[in-house]
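Read the structure below first, then the notes.
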Amino acid sequence: MALRLTFAVAALLMSGTVFSAVTLTAPEEIKILAVNDQEVNTGLFRSADNHYKVDAGEISLSVRYSQYFEHLNGEHDIVKSGVVTLKTPPLKDGEKYQLKLVNTPANFEAAKKYAEQPIVALFDNNNQMLIQQTGANTESKPWLAQGIFAKATDLTQKKRIPVNQPAPVYSQAGTSVATTLNSNILTNATNTADQQLIQLWQKSSKAERQKFMGWLAEQAN
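According to mature numbering (1 follows the signal peptide of the UniProt record, and there is no 0), the residues represented by the sequence shown are -20 to -1, 1 to 201, in order.
Shown next, in the form of structure tokens:
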């Protein structure tokens, strides 16, 4: 009996090691494009607070700042940055981490300047900052050329140093940075692609149309 219990405990420990992962969340203004140079296929509609499962350890995150602004005349603009690459410190199994913008702009003019040098930080579950990355890089990424209905493919490549991106700031003693987020959750439809777009646009709310336009603007790059 003791031997069986030993094997059972060992099996549970092994299974916990195999299936353990890190939970990563990001607000609507931060688009996670790739993890370790592998495209993240989030689909046409995204939730307001995206959750991702990634492997523990050091990882490379490719993200983009993107924010929707609607003007008083009814027109809108979408401000977006280049790709920001974060090289994380070792992430622990089973822990939760969150990406946040630092000094999020409050208006359109400020956002245009912010997009030139966005500041993205990674926080642990205690809201302690682990790494802060300023600025975007100009390194060409193959997954940026994917079509509007492209599926995620294996694009793992040899890691390269990003171009024209300042060195990251790693924090030993965690610091807290407040961010303000305001977005709504969208739902998926199950019809064919063209019918889905038409029907959802006709039935969608103002906030939902904003999110669609934001996603559509991302496909330009």
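Glycine included, C-beta positions come from ideal geometry on N, C-alpha and C.
Where residue i sits in the DSSP three-state scheme
| i | result |
| --- | --- |
| E75 | coil |
| A197 | helix |
| A36 | coil |
| Q97 | coil |
| L52 | coil |
| E19 | strand |
| Q113 | strand |
| residue 202 | In the structure as shown, the chain begins at -20 and stops at 201. Residue 202 is therefore absent and cannot be evaluated. |
| A147 | coil |
| A6 | strand |
| A1 | coil |
| A14 | strand |
Inter-residue Cα distance where the pair is residue i and residue j
| i | j | result |
| --- | --- | --- |
| Q78 | K93 | 24 angstroms |
| I99 | Q179 | 37 angstroms |
| L66 | V149 | 10 angstroms |
| K191 | Q182 | 14 angstroms |
| I39 | N53 | 43 angstroms |
| S184 | M193 | 12 angstroms |
| N21 | H51 | 30 angstroms |
| A95 | T5 | 21 angstroms |
| A116 | Q175 | 37 angstroms |
| L41 | L177 | 30 angstroms |
| A187 | N16 | 32 angstroms |
Nearest neighbour of residue i, chosen from the options [CA to CA]
| i | options | result |
| --- | --- | --- |
| A91 | Y32, Q47, K11, N30 | Q47 |
| N106 | E50, V82, Q97, E75 | E75 |
| Y32 | T3, H51, E9 | T3 |
| F88 | L196, F49, S185 | F49 |
| Y45 | Q175, V82, R189 | V82 |
| R189 | Q97, E55, A1, S42 | E55 |
Presumed contact (8 angstroms Cβ cut-off) between residue i and residue j, rounded CB distance
| i | j | result |
| --- | --- | --- |
| V64 | Q113 | 6 angstroms |
| N30 | I12 | 7 angstroms |
| A101 | L71 | With 8 angstroms as the limit, A101 and L71 do not qualify as a contact, their Cβ atoms being about 14 angstroms apart. |
| E197 | K60 | The residue asked about is misnamed: residue 197 is Ala in this sequence, not Glu. That belief holds up - the Cβ atoms of A197 and K60 are roughly 6 angstroms apart, short of 8 angstroms. |
| I111 | P69 | 6 angstroms |
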